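Residue numbers (this note's numbering), protein chains in the order written: chain V, 1 to 326; chain X, 1001 to 1326; chain Y, 2001 to 2326; chain L, 3001 to 3326.
There are 4 protein chains.
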Amino acid sequence: MHRVAVLGAAGFAGAVCAYIAERHPSLELTMITGRSDAGRRLDHIYPKYRVRRELESYDPDRVAERADAALVAYPHGAAAPVVEDLLHRGLKVVDLSADFRVPQELYERWYQPHEAPGLLRRSIYGLTETHRDEIRAADLVAGPGCYPTAALLAVWPLRELARDVVIDAKSGVSGAGRGANETTHFVSVAENMNPYKVEGHRHRAELESELGPELPITFIPHLVPIDQGLLASAYVTPAHGVSAQEVRDLFREAYDGEPFIELADEPPGVRDVRETNICRIHATVEPATGRVMAFAAIDNLWKGAAGQAVQDLNLMLGLDEREGLV
Amino acid sequence: MHRVAVLGAAGFAGAVCAYIAERHPSLELTMITGRSDAGRRLDHIYPKYRVRRELESYDPDRVAERADAALVAYPHGAAAPVVEDLLHRGLKVVDLSADFRVPQELYERWYQPHEAPGLLRRSIYGLTETHRDEIRAADLVAGPGCYPTAALLAVWPLRELARDVVIDAKSGVSGAGRGANETTHFVSVAENMNPYKVEGHRHRAELESELGPELPITFIPHLVPIDQGLLASAYVTPAHGVSAQEVRDLFREAYDGEPFIELADEPPGVRDVRETNICRIHATVEPATGRVMAFAAIDNLWKGAAGQAVQDLNLMLGLDEREGLV
Amino acid sequence: MHRVAVLGAAGFAGAVCAYIAERHPSLELTMITGRSDAGRRLDHIYPKYRVRRELESYDPDRVAERADAALVAYPHGAAAPVVEDLLHRGLKVVDLSADFRVPQELYERWYQPHEAPGLLRRSIYGLTETHRDEIRAADLVAGPGCYPTAALLAVWPLRELARDVVIDAKSGVSGAGRGANETTHFVSVAENMNPYKVEGHRHRAELESELGPELPITFIPHLVPIDQGLLASAYVTPAHGVSAQEVRDLFREAYDGEPFIELADEPPGVRDVRETNICRIHATVEPATGRVMAFAAIDNLWKGAAGQAVQDLNLMLGLDEREGLV
Amino acid sequence: MHRVAVLGAAGFAGAVCAYIAERHPSLELTMITGRSDAGRRLDHIYPKYRVRRELESYDPDRVAERADAALVAYPHGAAAPVVEDLLHRGLKVVDLSADFRVPQELYERWYQPHEAPGLLRRSIYGLTETHRDEIRAADLVAGPGCYPTAALLAVWPLRELARDVVIDAKSGVSGAGRGANETTHFVSVAENMNPYKVEGHRHRAELESELGPELPITFIPHLVPIDQGLLASAYVTPAHGVSAQEVRDLFREAYDGEPFIELADEPPGVRDVRETNICRIHATVEPATGRVMAFAAIDNLWKGAAGQAVQDLNLMLGLDEREGLV
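This is how it looks when you write it as structure tokens:
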């Protein structure tokens, strides 16, 4: 059994980390922390996860004493110093924030001055399907953003073929986090949907970092009235004409044997993957234009955050990457 | 007062036609028909519209006796012969089906053999903002589809600039009509969203017909868990670089004085236009790529169907086009 | 034209007051105020209401200069001093808060020390159907709470017959107000429903005040995942056996000629009354037990708040009470 | 391993039975049948359950050959002959329909002439918490209805104390089954809620059967816009005054050690139990009236149908009743 702490367990993604860790056959959840919620029991905040344990306040020595690995679900900026603490104390860390996902220059363009730039070299981008071997060897893995997870999985098999990419992404409200504000108020969301951050959403830093700066990528997120679920619709102008069959073959090759990629004959719905670590994808060609299209559905809190973090941690600990996730 | 009949009033769009017509200061609703629901009262099917009137079965002579104009909300195929009946009897007709929206060749490619091809020449496409003068002079107007309404209004000011267009459209469930099936079952839709008809949705016939065959248009519809509302997100590759200000100017010029177009400084939400005839649009340029983007929100049953049909009828009857709609 | 100010127009109920007032044929909306939102335009907060006017900060002299009447939609406690200001300056006031709904003793038991107890004698409870004549003569009317509106309208015709009443009430989230918190977060509400304040909700003060202290009333509110709408299910143990027909007759007599009461042959849905001032009621007897039951549906922001406030104001100003509401 | 067949697996409850059975450590799912869907794969109808198996048509000999036990999820009336077939062939059966839940007289009053009245004596009502020992010994168990499950669990500890009971129950739409009709259409349900079958819902037969004919029980179901989840709010007039503490003690005693009953200090939400076999209950006394109240939340497809059926089957097979359900 590997002892694991979940830091920031009072947030949506952190709570799912705690939920998965507590049911995981090879992990022992030894500690959960919260910032403003320290002292509350997690099952009082989220009865449905039934993690009957108290949120503690963060103390790096206590974490190091009680855990061999940590899932860090703090907001960006707040995560970096914590990650630094824990790495210095010998823990393996999966950080779910944006702090270690992209090079310093990109980070500072989209976010803020970096708190621990020296660690960026050690960090591996935690999209398992494209970085598996590096993840196995890493002690710091940066869990990808929810949008980039779906978008990259939709585009990855097409990256050589693509001349131009438009990603129209739609997310449920849990992606906006637990903060209560005008945007997340039920009355703002119900019977509504809208694009947002159309001048540039920070998650595009990850797309550029992973796909390279040469590929023109339009990326626009939308908010839709669902709780958990994210759909990325990718429209790819191919460098040369391809058939639907060729496109499907590209996906089959790219994802052959992947335990959490599901290639579907029909367009996926987010309900198909709710509360799973699965990314369900349908790829095809639009007959009228020859445009290549791939639609990828995930649960933003699972494959888009906590599930993928555990998948990464499984690899870092030498476990079967499916453990605790099926 | 102009006497008007609503045929097919038991469907979602037809019921809104009846609702608007009954409150319209210059129309007198004299008759509503339903096919399988003849004999039922409309307010028993839709209490909220409070049209306390019985659905009759269709008889062209009776319609002609009691009405000077008709809003026809029958399904495509079923509409054409009815429209023919009524035109022959001297009524002005707005047909909400697909039967008179596009040339015969396009219709038969996407739908079925046409029942009244001889009338296609007389028919005007009822997108008021682009065909106003022809509509004024017409006796047959084809109400546009809900998707094309939003998509065309988003793209129209950009049509000279556009090299390539991707339209990712999202619709609420009322767009699928009153038919109860696996797709419209609450349990299929709640907490779900998915693309559909990705190999080609029939509404693309209207986009091709209005924008011309040279412009490559990708058009993919999605179903989202809302009742009424439709959002078209249009991604346009421009022929040459333009600024956000230039794009906004194009929209201001194109829609100057339009009573039902609302240009917004922020991305629109469908809630902003619910139960109105308004199309709310935000257009801008993505800084990272120079891509031009326009987001158009409508209520699919109002501006996307019944509201626009009344707007058309107002013009055909020489009324202020806003009557009954504000 | 009567000049009217809406104070607290940035809240959900206040915004609907402004919306109705601006379209009202005999009212001129001359001023809207907000507290934390002063300086913002109301249509920027609520695009759908299209009240293109700036929220001002509150100044009693300025209000008195520009308005003959006021709709006050401030929170309880904050409302009383404002109401006092305006009455002293000669305005007619409908206050939507709880401050003037019940006698001082009841108010202070459920709320807090009263800020203007001297005015309580002048205040009339604004449930139009039961206090119409007093409202006509009043210069201060207290708009009823949303729950009491539906509950009282369901129980009123049965008040002589009732031995015991259980009211199980269900409200949409807009009833909780615009405040963003854990309770109103989309993720807390979607796919959820729950009772709350089961040890005693403050709105029971109004039920006791209007129905008298002798009648035992159980009143339990529930939160359901809808935006606008409230349903009160009232279960009444009758003093003696009655038939369904007798019950229906009681309702017919009680509500004969009422412009906003709709007696339905079927149980009402809240969708039937959305964005209307109508209370739709179905009353019957349960065959198995003889229990009398009445189900009343309203839009909590309309008949449960803003719509009813305008209905009251219409009466106070000598107008037809339906003006601006149909 | 016990071999199990799920009959009627294409319905909502049957599909959950198949889902649970396939992941159950001591069951081997050997066969699933569907009626109109025979030949389709279950994961094509419900991708999220990932039961990659074809629905067969029903043949009693084939079932008997391949299974030792069956979960029957056919509609009432259709279930009885199938159950008879299988019992004669020596299978243990949990029937999820209404066919074996109540005595013949009650059944025929609320449903229709009974198809296999001779089996009624052998059938045990499958509410585990109240019939556990009989279930262990049974070869035919009738899975309780979803409403009675929540209602009975809310009322059971109070049955000696109760003089009079009002149950206001609220269900998500999956309780209405997979049939697509006006009631289950997304557009009918979204932003709506309403009571239904107010003159008498068939599930009251179970309440009378289990609680006895002397106790007056009002039972009114409501439809709310959620997918899975059911809340029973029970209002009980006690025979004598009791304190909240005494009520809580009654529940603690009644449900001591129950693996799927969760007594909560706060009113339960259905989200707390979604996709679990748990019934979460809060019981208290209304201070103003002394009325005893109990609120019970379940997932109507799990504890209200498939989960409880597996819980029953576990007992019938001598397994730990929690197997496959936690």
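Beta carbons: idealized from backbone N, C-alpha and C, even for Gly.
The structure presented is a predicted model; accordingly, all values stated were derived computationally and were not measured.
Buried or exposed: which applies to R1322(X), given that a residue is buried once 16 or more other Cβ atoms fall within 10 Å of its Cβ?
Within the second sequence, the letter at position 322 stands for residue 1322(X). Exposed: under 16 other Cβ atoms inside 10 Å.
Exposed or buried, P3267(L), counting other C-beta atoms within 10 Å across all chains shown (16 or more means buried)?
Working through the fourth sequence from its first residue, we reach residue 3267(L) at position 267. Result: buried.
Assigned exposure category for V2326(Y) - 16 Cβ within 10 Å defines buried
For the purposes of this step, residue 2326(Y) is identified with residue 326 of the third sequence, where counting begins at 1. Looking at its Cβ environment, which holds fewer than 16 other Cβ atoms inside 10 Å, V2326(Y) is exposed.
Report the start-end ranges of each beta strand (DSSP E) in the region 72-98 of chain V that is 3 residues or longer and not cut off at the edges.
92-95
Among G2324(Y), I2298(Y), Y2125(Y), nearest to C2146(Y) - alpha-carbon criterion
Here residue 2146(Y) is taken as the residue at index 146 of the third sequence, counted from 1. Per the Cα distances, I2298(Y).
Can the beta-carbon of D3043(L) be found less than 8 Å from the beta-carbon of R3035(L)?
Here residue 3043(L) refers to the residue found at position 43 when the fourth sequence is read from its first residue. Here residue 3035(L) refers to the residue found at position 35 when the fourth sequence is read from its first residue. Going by C-beta atoms, D3043(L) is not nearer than 8 Å to R3035(L).
Going by the CB atoms, is the gap between I2220(Y) and L1982(Y) shorter than 8 Å?
Only positions 2001 to 2326 of chain Y appear in this structure, which leaves residue 1982(Y) out of reach.
Pick from E3208(L), V3310(L), L3096(L), T3030(L): whose alpha carbon is nearest that of R3159(L)?
Walking along the fourth sequence from the start, residue 3159(L) turns up at place 159. Checking every option, the nearest Cα to that of R3159(L) belongs to E3208(L).
Quick check: the Cα distance between D1133(X) and Q2311(Y), rounded to an integer number of angstroms?
Mapped onto the second sequence, residue 1133(X) falls at position 133. Mapped onto the third sequence, residue 2311(Y) falls at position 311. One C-alpha to the other measures close to 43 Å.
Report back the beta-carbon spacing between V3198(L) and M2293(Y) to the nearest angstrom; my notes put them in contact at under 8 Å.
For this step, residue 3198(L) is matched to residue 198 along the fourth sequence. For this step, residue 2293(Y) is matched to residue 293 along the third sequence. Indeed they touch by this definition, with Cβ atoms about 6 Å apart.
Could you spell out where the beta strand (DSSP E) holding A1138(X) opens and where it closes?
Locating residue 1138(X) in the second sequence gives position 138, counting from the first residue. No beta strand (DSSP E) holds A1138(X); DSSP gives it neither H nor E.
In the DSSP output, which residue or residues are listed as bridge partners for M3031(L)?
As a working note, residue 3031(L) is residue 31 in the fourth sequence. Answer by DSSP bridge pairing, in chain order: A3005(L).
List the residues that DSSP assigns as beta-bridge partners of K3170(L).
Counted from its first residue, the fourth sequence places residue 3170(L) at position 170. According to DSSP, K3170(L) bridges with H3222(L), L3231(L).
What three-state label does DSSP hand P1117(X) in the structure shown?
Stepping through the second sequence from its first residue, residue 1117(X) is reached at position 117. Of the three classes helix, strand and coil, the one that applies to P1117(X) here is helix, per DSSP.
Just the Cα atoms here: how many angstroms apart are V83(V) and D95(V)?
Walking along the first sequence from the start, residue 83(V) turns up at place 83. Walking along the first sequence from the start, residue 95(V) turns up at place 95. Taking the straight line from one Cα to the other gives about 7 Å.
Is the CB of K3170(L) under 8 Å away from at least one CB in chain Y?
In the fourth sequence, residue 3170(L) corresponds to position 170, counting from 1. Taking Cβ atoms only, chain Y reaches closer than 8 Å to K3170(L), which makes this a yes.
Could you pull the start and end residues of the beta strand (DSSP E) that E262(V) belongs to?
As a position in the first sequence, residue 262(V) is number 262, starting the count at 1. Taken as a continuous stretch (DSSP letters only), the beta strand (DSSP E) holding E262(V) covers 261-263.
Indicate the three-state DSSP secondary structure (helix, strand or coil) for D2164(Y) in the structure shown.
In the third sequence, counting from the first residue as 1, residue 2164(Y) sits at position 164. Here D2164(Y) sits in strand by DSSP.
Delimiting residues of the alpha helix (DSSP H) encompassing V2310(Y)
Within the third sequence, residue 2310(Y) is the residue found at index 310, counting from 1. Counting along the chain, the alpha helix (DSSP H) containing V2310(Y) begins and ends at 2307-2316.
Every unbroken alpha helix (DSSP H) within the region 3042-3073 of chain L, with a cutoff of 4 residues, ordered by chain:
3042-3045, 3060-3066
Judging by CA-CA distance, which residue of A3079(L), A3013(L), G3269(L), R3252(L) is the nearest neighbour of Q3308(L)?
Counting from 1 along the fourth sequence, the entry for residue 3308(L) is found at position 308. Looking at the Cα atoms, A3013(L) is the closest of the given residues.
For D1381(X) and chain L, any beta-carbon pair shorter than 8 Å?
The requested residue 1381(X) is not part of the displayed model; chain X covers only 1001 to 1326.
From the DSSP output, which residues share a beta bridge with I1217(X)?
Your numbering for residue 1217(X) matches position 217 in the second sequence. V1165(X), per the DSSP bridge assignment.
Hey, does G2269(Y) have any beta-carbon neighbour from chain L nearer than 8 Å?
Mapped onto the third sequence, residue 2269(Y) falls at position 269. With 8 Å as the cut-off, G2269(Y) counts as an interface residue toward chain L.
Could you check whether the Cβ of E191(V) sits closer than 8 Å to any Cβ belonging to chain L?
For this step, residue 191(V) is matched to residue 191 along the first sequence. Taking Cβ atoms only, chain L reaches closer than 8 Å to E191(V), which makes this a yes.
Check whether the region 1182-1197 of chain X touches the region 259-277 of chain V, counting contact only when three or more Cβ pairs, one atom from each stretch, lie closer than 8 Å.
yes
How many Å lie between P3259(L) and N3277(L) at the Cα?
The sequence position of residue 3259(L) within the fourth sequence is 259, counting from 1. The sequence position of residue 3277(L) within the fourth sequence is 277, counting from 1. Computed Cα separation, rounded: 9 Å.
When you compare each of A3079(L), A3169(L), T3030(L), A3069(L) to L3055(L) by their alpha carbons, which one comes out closest?
Within the fourth sequence, the letter at position 55 stands for residue 3055(L). Among A3079(L), A3169(L), T3030(L), A3069(L), the Cα nearest to that of L3055(L) belongs to T3030(L).
Would you list, in chain order, the members of the region 3196-3210 of chain L that have their beta-carbon closer than 7 Å to a beta-carbon of chain Y?
Y3196, V3198, E3199, G3200, R3204
For I2220(Y) and chain L, any beta-carbon pair shorter than 8 Å?
As a working mapping, residue 2220(Y) is identified with position 220 in the third sequence. Taking Cβ atoms only, chain L reaches closer than 8 Å to I2220(Y), which makes this a yes.
Does any C-beta atom of chain L lie closer than 8 Å to the C-beta of D299(V)?
Translated into positions along the first sequence, residue 299(V) becomes position 299. With 8 Å as the cut-off, D299(V) does not count as an interface residue toward chain L.
Name the chain A residues whose beta carbon is nearer than 7 Å to that of D2272(Y)?
Considering every chain present, this structure includes no chain A. Its protein chains are V, X, Y and L.
Just to make sure I have the definition right: I need the residues of chain V whose C-beta is within less than 7 Å of the C-beta of V1224(X). Which are they?
Counting from 1 along the second sequence, the entry for residue 1224(X) is found at position 224. Per Cβ cutoff of 7 Å: M193, V224.
Quick one: residues in its chain with C-beta nearer than 6 Å to the C-beta of A142(V), no 5 flanking neighbours on either side, listed in chain order?
As a first step, residue 142(V) is located in the first sequence; it is residue number 142 there, counting from the start. Taken in chain order, the residues that qualify are D95, F100, R101, S123, Y125, G126.
Strictly below 7 Å CB to CB, what residues from chain X border A3306(L)?
Numbered from 1 along the fourth sequence, position 306 holds the residue referred to as residue 3306(L). Neighbours of A3306(L) on chain X: none; closest Cβ ~15 Å, over 7 Å.
Is P2144(Y) buried or exposed, if buried means 16 or more other CB atoms sit within 10 Å of its CB?
Stepping through the third sequence from its first residue, residue 2144(Y) is reached at position 144. It is buried - the Cβ of P2144(Y) has at least 16 other Cβ atoms within 10 Å.
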